[in-house]
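Chains A and B, in that order, give the protein sequences. Using numbering that gives the first Met the number 0, read the first sequence as starting at 0 and increasing by one per residue. Using numbering that gives the first Met the number 0, read the second sequence as starting at 0 and increasing by one per residue. Positions of the beta carbon are idealized from the N, C-alpha and C atoms, including for glycine.
Protein chains: 2
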Amino acid sequence: MNKLRRSARLVDMTQHLLARPHKLIPLTYFAEQYGAAKSSISEDLSIIKELFETEGIGLLKTVAGAAGGVKYIPQMNKEVARKAINKLKEKLEGPGRLLPGGYLYMADLLGDPEALAEIGKVFASIFAETAADYVMTVETKGIPLAYAAAAYLNVPVVIVRRYSKVTDGSVVSINYVSGSSKRIQTMSLARRSLPENSKVLIIDDFMKAGGTIQGMIDLLAEFKAEVVGVGVLMETSDVEERLVDEYVSLLKMKEMDVRDKEIKLELGNRFV
Amino acid sequence: MNKLRRSARLVDMTQHLLARPHKLIPLTYFAEQYGAAKSSISEDLSIIKELFETEGIGLLKTVAGAAGGVKYIPQMNKEVARKAINKLKEKLEGPGRLLPGGYLYMADLLGDPEALAEIGKVFASIFAETAADYVMTVETKGIPLAYAAAAYLNVPVVIVRRYSKVTDGSVVSINYVSGSSKRIQTMSLARRSLPENSKVLIIDDFMKAGGTIQGMIDLLAEFKAEVVGVGVLMETSDVEERLVDEYVSLLKMKEMDVRDKEIKLELGNRFV
Chain A
0 MNKLRRSARL
10 VDMTQHLLAR
20 PHKLIPLTYF
30 AEQYGAAKSS
40 ISEDLSIIKE
50 LFETEGIGLL
60 KTVAGAAGGV
70 KYIPQMNKEV
80 ARKAINKLKE
90 KLEGPGRLLP
100 GGYLYMADLL
110 GDPEALAEIG
120 KVFASIFAET
130 AADYVMTVET
140 KGIPLAYAAA
150 AYLNVPVVIV
160 RRYSKVTDGS
170 VVSINYVSGS
180 SKRIQTMSLA
190 RRSLPENSKV
200 LIIDDFMKAG
210 GTIQGMIDLL
220 AEFKAEVVGV
230 GVLMETSDVE
240 ERLVDEYVSL
250 LKMKEMDVRD
260 KEIKLELGNR
270 FV
Chain B
0 MNKLRRSARL
10 VDMTQHLLAR
20 PHKLIPLTYF
30 AEQYGAAKSS
40 ISEDLSIIKE
50 LFETEGIGLL
60 KTVAGAAGGV
70 KYIPQMNKEV
80 ARKAINKLKE
90 KLEGPGRLLP
100 GGYLYMADLL
110 GDPEALAEIG
120 KVFASIFAET
130 AADYVMTVET
140 KGIPLAYAAA
150 AYLNVPVVIV
160 RRYSKVTDGS
170 VVSINYVSGS
180 SKRIQTMSLA
190 RRSLPENSKV
200 LIIDDFMKAG
210 GTIQGMIDLL
220 AEFKAEVVGV
230 GVLMETSDVE
240 ERLVDEYVSL
250 LKMKEMDVRD
260 KEIKLELGNR
270 FV
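Have a look at this one:
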């Protein structure tokens with residue numbers, strides 16, 4: 000790249016950092032890229048850092064030393080996150096979302112890239128310090144949430160299948176009991192999709208008794224993986240015995256009046 | 000926001016634009032946000048525009064007039080896209096990817112957020128002018144690709160289900176014949192997930208004879224939707240009769256030697 004003026008340099012550094020969350024970028028990279036002195040790069044970074052922090056975009060962490068550099072950590076503060084999740088709550092409480100069988104229609108919100116990015120950033124902020132190597136979810140509805148969180152954590156997603164596919168190669172399968180329906184089900188994960196001893200963050204859309212999450216935890220044991228966190232978009236409150244103790248929920252389903260088709264949500268355990 | 004110096008303003012405008020592709024932002028928004036004159040905002044935008052264009056990040060389109068403003072259009076030029084897809088091709092041709100039954104293992108690449116963002120940007124660049132209202136795919140493996148493209152187009156994703164779920168409410172189902180296996184299958188889409196007369200871009204991971212894509216096209220007819228484009232990551236070449244004529248492929252599977260476990264890919268029709 001040709002020598003850039005500071006203004007252009009700031010634009011390029013901003014886009015470069017935003018596209019690579021949680022990745023350490025050596026100052027020499029920027030210095031060589033722009034043909035600029037390290038001291039100028041440091042000044043640029045402090046401008047970006049201040050703006051990112053005051054605007055609630057995230058943190059710029061500087062790591063000193065020979066192997067040092069700068070890292071962008073997406074970070075939405077708890078109050079901004081609370082507002083975002085409250086907005087989501089209001090949308091989900093809107094009329095016509097309660098479906099027969101007591102299900103909540105969320106596909107439109109989970110299809111909207113801006114809403115999804117926001118939820119992903121909330122999860123990534125909560126689990127920023129876990130040093131997760133992977134985000135794991137089970138097909139199908141958790142997939143967009145897992146990708147949204149993984150994008151801000153900058154780690155790959157592994158998807159547990161409910162039906163093992165021939166295109167996965169050798170798989171590890173386990174049976175689990177869905178806590179709410181009490182039915183025995185199978186989930187499987189391709190052997191090659193997760194190296195042993197990985198640190199894994201589990202993300203899912205919905206948790207009733209937690210049987211599916213517990214199934215994923217059991218499956219991870221087969222891969223000698225460490226579960227560094229569990230995050231669900233919504234938990235239900237009408238559960239006699241929950242199978243999973245440690246988890247973060249963003250929303251909680253409080254009451255559901257199937258006859259009047261009314262639904263009442265509250266904020267999840269993250270915000271209590 | 001307090002009055003910002005130009006340097007901080009450039010950082011904030013850059014992140015604001017990057018987070019909202021294809022969205023028209025009035026200049027007055029920036030002017031009010033930063034307490035700056037429109038002429039200063041215009042100068043800032045021309046700095047960002049030049050950098051975005053020389054670095055191949057995208058275009059900044061200015062719309063004149065009272066309802067005017069500026070729009071960031073993610074745009075990867077064809078040569079950069081060719082390089083990115085070539086890199087992907089080399090990875091996919093690597094050893095051990097050919098699975099029994101002649102399937103190609105791609106889950107790791109489709110799980111990697113940086114690789115995925117790149118493919119998403121390639122699709123979004125190709126279909127930038129289609130004015131699609133939605134990206135549609137069918138579960139499961141096409142989902143991450145659809146979201147990656149939709150993020151850069153800034154439109155929602157609708158997911159066609161292979162098994163209709165009780166959580167979808169009223170659905171429209173069709174039968175289709177998978178062209179390669181000749182089996183009759185069912186796919187369905189929730190009635191409320193797609194308003195009538197929408198413009199829809201179809202994205203999927205793999206196309207053999209095109210039966211699944213044709214099924215989605217037929218399903219869209221039930222929603223009075225207009226198909227504005229079809230993009231697949233990979234097509235196969237051993238097809239006697241293709242059911243779909245107009246589509247863009249990024250990669251093409253040329254040869255597959257199941258005995259020697261070797262696979263040969265070439266670039267798709269986009270790059271010919």
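query = Under the rule that 16 or more other beta-carbon atoms within 10 Å means buried, what is ILE183(B), buried or exposed?
reply = exposed
At least 3 beta-carbon pairs within less than 8 Å: the region 230 to 240 of chain A vs the region 199 to 212 of chain A = Yes, the region 230 to 240 of chain A is in contact with the region 199 to 212 of chain A.
query = Which word fits PRO73(B), buried or exposed, when buried means at least 16 other C-beta atoms lie within 10 angstroms of its C-beta?
reply = buried
key: Given 8 Å, three or more beta-carbon pairs between the region 7 to 19 of chain B and the region 94 to 112 of chain A   = Counting C-beta pairs with one atom in each stretch, the region 7 to 19 of chain B and the region 94 to 112 of chain A have fewer than three that are closer than 8 Å, which means they do not touch.
message = Taking the beta carbon of VAL159(A) as the centre, do at least 16 other beta carbons fall within 10 Å, making it buried, or is it exposed?
response = buried
Assigned exposure category for TYR246(A) - 16 Cβ within 10 Å defines buried = buried
inquiry  = Tell me which residue opens and which closes the beta strand (DSSP E) that GLY228(A) is part of.
reply    = 225 to 235
key: Cβ pair count under 8 Å reaching 3, the region 13 to 24 of chain A against the region 58 to 77 of chain A   = yes
inquiry  = Distance check for ASN268(B) and ASP204(A), CA to CA, integer angstroms please.
reply    = 37 Å
query = So what's MET75(A) in DSSP terms, helix, strand or just coil?
reply = Three-state DSSP puts MET75(A) in coil, outside helix and strand.
query = Quick one: is the Cβ of VAL62(A) within less than 8 Å of any heavy atom of the ligand PLP?
reply = The model on display carries no ligand, and the ligand PLP is accordingly not part of it.
N-terminal and C-terminal residue of the beta strand (DSSP E) that TYR162(A) is part of = Unbroken run through TYR162(A): none, as it is neither H nor E.
key: Simplified DSSP assignment, three categories, for THR211(A)   = helix
request  = With distances taken Cα to Cα, identify the nearest neighbour of ASP259(A) among LEU97(A), ASP244(A), ALA83(A) and PHE29(A).
outcome  = LEU97(A)
ILE216(B) versus VAL226(B): straight-line alpha-carbon distance, rounded = 7 Å
query = Does DSSP put ALA189(B) in a helix, a strand or coil?
reply = strand
request  = Apply the 10 Å Cβ neighbour rule to LYS48(B) and answer buried if 16 or more other Cβ atoms are within range, or exposed otherwise.
outcome  = buried
inquiry  = Contact criterion: CB-CB distance below 9 Å. Does GLU31(B) meet it with respect to chain A?
reply    = no
Separation of LEU250(A) from GLU265(B), as counted between CA atoms = 47 Å
ask   = Cβ atoms of THR136(B) and ALA145(B): under 9 Å apart, would you say?
value = yes
request  = Just the C-alpha distance for GLY67(A) and LEU16(A), rounded to the nearest angstrom, thanks.
outcome  = 15 Å
task = Could you name the residues of the region 115 to 144 of chain A whose beta carbon sits closer than 7 Å to any beta carbon of chain B, in the order they occur along the chain?
result = GLU138, THR139, ILE142 and PRO143
ask   = So LYS263(A) packs on GLU92(A), CB below 8 Å; how close in whole Å?
value = 7 Å
inquiry  = So ILE56(B) contacts chain A; which residues on that side make the cut at Cβ distance below 7 Å?
reply    = GLN14
ask   = What whole-angstrom Cβ distance do VAL157(A) and TYR175(A) have, given they're in contact under 8 Å?
value = About 17 Å; that fails the 8 Å criterion.
request  = Between the Cα of LEU188(B) and those of LYS198(B), SER180(B), GLY100(B) and ILE173(B), spot the shortest distance and give me the residue it belongs to.
outcome  = The residue from LYS198(B), SER180(B), GLY100(B) and ILE173(B) with its alpha-carbon nearest to that of LEU188(B) is ILE173(B).
key: Host beta strand (DSSP E) of PHE205(A) (start-end)   = 198 to 206
ask   = Is the shortest distance between the beta-carbon of LEU17(A) and the beta-carbons of chain B less than 9 Å?
value = So yes, LEU17(A) belongs to the interface.
ask   = Roughly how many angstroms lie between the CA atoms of TYR104(A) and ASN76(A), to the nearest whole one?
value = 28 Å
ask   = Using the rule of at least 16 other Cβ atoms within 10 Å of the residue's Cβ for burial, across every protein chain shown, is SER169(B) buried or exposed?
value = exposed
Distance between beta carbons of PHE126(A) and GLY228(A), contact taken as under 8 Å = 5 Å
task = Please list, in chain order, all residues of the same chain as ALA150(A) whose beta carbon is under 7 Å from its beta carbon, the five residues on each side excluded.
result = GLY119
request  = Whole angstroms is fine: what's the gap from PRO194(A)'s alpha carbon to LEU26(B)'s?
outcome  = 49 Å
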